[in-house]
Amino acid sequence: MSKKSNYIVRIALIVALSSALIIVPMHIAEVVPSEKRGQLVSFNKLNIVIGISLAFFTNYLILKWKNSDVVWAASLGLGKWNWRWT
1 MSKKSNYIVR IALIVALSSA LIIVPMHIAE VVPSEKRGQL VSFNKLNIVI
51 GISLAFFTNY LILKWKNSDV VWAASLGLGK WNWRWT
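Throughout the sequence shown, residue numbering follows the UniProt record's numbering, covering 1 to 86 in sequence.
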């Protein structure tokens with residue numbers, strides 16, 4: 001995959017995810033009864049925060065293990081794919 005196509009795909013993903021972060025709470029606000037609306041919108045935002053946190057800590061662990069002597073980390077080739085996590 002070339003750098004140009006990589007940037008195009010990243011921009012498309014950013015647009016898709018950003019629109020999903022806006023559309024889902026709007027859909028919940030339109031469809032769900034008012035007594036459950038706040039609970040479901042809050043649950044949606046909590047899941048977003050948990051997902052971002054998991055991605056951050058996963059990237060941190062990969063970066064930490066890339067130069068270690070752990071056998072399974074070396075077999076995954078973490079040192080070879082270092083450019084993705086720096």
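Where a beta carbon is used, it is the ideal one built from N, C-alpha and C, also for glycine.
Residue i in three-state terms, based on DSSP
i          : result
residue 33 : coil
residue 53 : helix
residue 19 : helix
residue 42 : helix
residue 2  : coil
Minimum C-alpha distance to residue i - residue among the options
i          : options           : result
residue 27 : 13, 44, 15 and 14 : 44
residue 51 : 17, 36, 35 and 30 : 17
Proximity below 8 Å, CB of residue i to CB of residue j
i          : j          : result
residue 41 : residue 25 : yes
Contacting residues, own chain, Cβ-Cβ under 8 Å from residue i (five flanking each side not counted)
i          : result
residue 48 : 21
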